[in-house]
Amino acid sequence: MNYFSSDFKLGILGGGQLGKMLLFDTRKFDIQTYVLDPSDEAPCKIACNQFFKGDLMDFETVYNFGKKVDVLTFEIELVNLEALVKLEEEGVKVYPSPKTLKLIQNKGIQKDFYIQHAIPTANYKRFENLKSLIVDILDSKTKLPFVWKCTEFGYDGNGVKVIRQISDLDNLANVECIAEEMVPFKNELAVIVCRNPSGEIKTYPVVEMEFHPEANQVEYVICPARIDEKVAEKARAIALNVSKMFNHVGLLAVEMFQTEDDEILVNEVAPRPHNSGHYSIEASYTSQFENHLRAILNLPLGNTDSKVAGIMVNLSGEEGFSGDVVYQNIEKILGWNGVTPHIYGKKQTRPFRKMGHVTIVNQDINEARRIAEDVKNTIRVIS
Ligand code: ADP
Numbered sequence: 614m615n616y617f618s619s620d621f622k623l624g625i626l627g628g629g630q631l632g633k634m635l636l637f638d639t640r641k642f643d644i645q646t647y648v649l650d651p652s653d654e655a656p657c658k659i660a661c662n663q664f665f666k667g668d669l670m671d672f673e674t675v676y677n678f679g680k681k682v683d684v685l686t687f688e689i690e691l692v693n694l695e696a697l698v699k700l701e702e703e704g705v706k707v708y709p710s711p712k713t714l715k716l717i718q719n720k721g722i723q724k725d726f727y728i729q730h731a732i733p734t735a736n737y738k739r740f741e742n743l744k745s746l747i748v749d750i751l752d753s754k755t756k757l758p759f760v761w762k763c764t765e766f767g768y769d770g771n772g773v774k775v776i777r778q779i780s781d782l783d784n785l786a787n788v789e790c791i792a793e794e795m796v797p798f799k800n801e802l803a804v805i806v807c808r809n810p811s812g813e814i815k816t817y818p819v820v821e822m823e824f825h826p827e828a829n830q831v832e833y834v835i836c837p838a839r840i841d842e843k844v845a846e847k848a849r850a851i852a853l854n855v856s857k858m859f860n861h862v863g864l865l866a867v868e869m870f871q872t873e874d875d876e877i878l879v880n881e882v883a884p885r886p887h888n889s890g891h892y893s894i895e896a897s898y899t900s901q902f903e904n905h906l907r908a909i910l911n912l913p914l915g916n917t918d919s920k921v922a923g924i925m926v927n928l929s930g931e932e933g934f935s936g937d938v939v940y941q942n943i944e945k946i947l948g949w950n951g952v953t954p955h956i957y958g959k960k961q962t963r964p965f966r967k968m969g970h971v972t973i974v975n976q977d978i979n980e981a982r983r984i985a986e987d988v989k990n991t992i993r994v995i996s
């Protein structure tokens with residue numbers, strides 16, 4: 614298949630920042646793209662060849678969109694699965710495959726998959742709804758504290774809550790959920806695996822994620838993780854194994870916990886470009902976005918090594934501000950060494966909404982971390 618400067622069309626479900634960053638690379642290779650997103654103001658709109666407005670969870674909309682393209686991918690997991698299955702049956706190449714997506718869309722099914730494939734993960738129990746979980750706690754079968762997770766439609770930590778006392782369950786929705794053992798972890802790590810249909814497979818270096826204590830969102834991603842080489846090797850090997858078990862095509866971001874005694878437990882995976890790989894645009898030989906594209910088109914994969922240490926700072930909407938976004942002090946940080954801001958193009962800010970990120974590259978990772986903190990304290994995303 615000739616992808617370059619041809620009639621070939623890549624369809625992308627979702628028009629957010631991940632799609633927008635993927636479009637830098639489709640532009641670089643002159644590959645035609647169609648994007649479907651429910652919002653008229655989707656960040657992808659300015660960079661794709663054709664934009665379609667529509668509901669990603671609606672069967673007809675996704676099916677009809679898929680019929681227009683040669684290869685279909687997604688930048689968000691909340692898409693209509695039945696439509697993807699039908700499109701695949703009818704010969705459209707869908708990567709990552711609907712089979713993988715089905716295993717991932719529901720956290721209960723995802724956790725069962727890890728157990729079935731002997732992949733280390735925190736202990737958990739599945740519940741049909743909140744009521745049955747409460748009965749289990751009252752029967753002393755589920756012990757406090759634990760981590761409550763709704764199995765579907767949660768993202769960026771909004772479907773996750775630490776339960777220390779039964780009243781912490783008070784305002785939670787009565788939906789399917791899991792109760793997961795609390796892991797006293799030293800570090801949260803992630804490894805992005807890249808695999809093409811021919812079976813070529815590569816991993817990016819292990820990164821370390823530092824979280825905002827309140828919003829449960831990543832604040833800093835640090836590459837390489839400042840951990841023991843043996844632990845890093847173990848994390849990479851586990852991530853590779855997870856990708857092979859899923860028989861995955863495209864990128865698979867594997868999020869993990871490093872426990873106090875250096876055990877690695879898989880938390881969850883995302884079958885797409887991931888926040889933990891944004892640093893790769895500036896710091897790697899081949900960015901995660903370019904490698905996602907290479908993988909789903911069954912092209913040779915690019916080098917996943919880093920050229921330099923990279924740190925990413927998320928730019929989230931500041932608390933107390935909602936409305937037309939203003940990025941304060943961007944000019945200031947642009948004057949600093951190795952600092953590149955990415956502005957996603959969302960017109961409206963609200964508390965904790967991901968509005969952009971900044972990458973800091975430096976030969977010295979400690980210097981990069983210091984600059985990253987200055988960036989964090991200098992930029993404000995307000996209205
Ligand atoms: P999401 O899908 O919203 O990203 P995660 O399952 O990744 O949800 O959980 C969000 C965050 O909550 C994690 O990054 C971690 O900081 C914390 N967390 C999740 N599960 C556990 C656990 N079992 N023990 C301790 N902390 C956890």
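Terminal number for the sequence shown in this note's numbering: 996, no gaps in between.
For each residue, glycine too, the CB sits at the ideal point set by N, CA and C.
Quantities reported herein were computed from a predicted structural model and do not represent experimental measurements.
Short of 8 Å in beta carbon distance, which residues of its chain neighbour residue i, apart from the five on each side in sequence? Order them along the chain.
i             : result
glutamate 695 : Phe672
leucine 757   : Ile750, Ile776, Arg777, Gln778 and Ile779
aspartate 918 : Pro818, Ser897 and Tyr898
Residue i by DSSP, collapsed to three states: which one?
i                 : result
asparagine 787    : coil
phenylalanine 740 : strand
proline 954       : strand
aspartate 650     : strand
valine 834        : strand
valine 775        : strand
arginine 885      : coil
arginine 839      : coil
histidine 905     : helix
lysine 815        : strand
tyrosine 940      : strand
glycine 591       : What is shown of the chain runs 614 to 996, which leaves residue 591 out entirely.
threonine 962     : strand
threonine 803     : The displayed chain sequence assigns alanine, not threonine, to residue 803. Strand.
valine 760        : strand
isoleucine 644    : coil
methionine 858    : helix
threonine 686     : strand
valine 921        : coil
phenylalanine 617 : coil
From residue i to residue j, what does the alpha carbon distance come to, in whole angstroms?
i                 : j                 : result
histidine 970     : valine 748        : 43 Å
glutamate 813     : proline 913       : 8 Å
valine 675        : phenylalanine 766 : 18 Å
glycine 958       : leucine 623       : 22 Å
proline 826       : histidine 955     : 24 Å
phenylalanine 740 : isoleucine 840    : 36 Å
asparagine 911    : serine 811        : 7 Å
threonine 686     : tyrosine 940      : 31 Å
valine 773        : alanine 786       : 12 Å
leucine 635       : arginine 885      : 10 Å
lysine 738        : aspartate 725     : 10 Å
valine 879        : leucine 853       : 12 Å
aspartate 875     : valine 844        : 7 Å
valine 938        : glutamate 654     : 13 Å
Which same chain residues end up closer than 6 Å to residue i when comparing Cβ atoms and leaving out the 5 residues on each side of it in sequence?
i                 : result
isoleucine 978    : Ala922
alanine 838       : Leu802, Val819, Val820 and Glu821
glycine 863       : Tyr708, Pro709, His905, Ala908 and Ile909
serine 900        : Ser893 and Ile894
phenylalanine 859 : Thr713
Using the rule of at least 16 other Cβ atoms within 10 Å of the residue's Cβ for burial, across every protein chain shown, is residue i buried or exposed?
i              : result
arginine 777   : exposed
glutamine 961  : exposed
tryptophan 761 : buried
aspartate 650  : buried
valine 926     : buried
histidine 887  : buried
aspartate 842  : In the sequence as displayed, the identity of residue 842 is glutamate instead of aspartate. Its Cβ having fewer than 16 others within 10 Å, glutamate 842 is exposed.
histidine 891  : buried
isoleucine 659 : exposed
glycine 933    : exposed
proline 711    : buried
glutamate 688  : buried
lysine 720     : buried
Go through its chain and collect everything with a Cβ distance to residue i's Cβ below 7 Å, but skip five positions before and after it.
i             : result
lysine 618    : Sequence inspection shows serine at residue 618; the lysine mentioned does not correspond to that position. Asp643, listed in sequence order.
glutamate 895 : Gly923, Thr953, Thr972 and Val974
serine 856    : Val806, Arg808, Ile814 and Leu865
glycine 930   : Thr962, Arg963, Pro964, Phe965, Arg966, Met968 and Val994
leucine 867   : The sequence as given places valine at residue 867; leucine does not occur at that position. Around valine 867: Ala803, Val804, Val806, Ala852, Val855, Val879 and Val882.
alanine 848   : Leu802, Val804, Val819, Met869 and Ile877
Would you kindly check if the distance between the Cβ of residue j and the Cβ of residue i is under 8 Å?
i                 : j              : result
serine 935        : arginine 907   : no
isoleucine 851    : isoleucine 877 : yes
leucine 746       : threonine 755  : yes
glycine 679       : proline 656    : no
lysine 706        : valine 692     : no
isoleucine 943    : isoleucine 995 : no
phenylalanine 798 : glutamine 723  : no
phenylalanine 824 : glutamate 794  : no
glycine 632       : leucine 669    : no
valine 698        : tyrosine 647   : no
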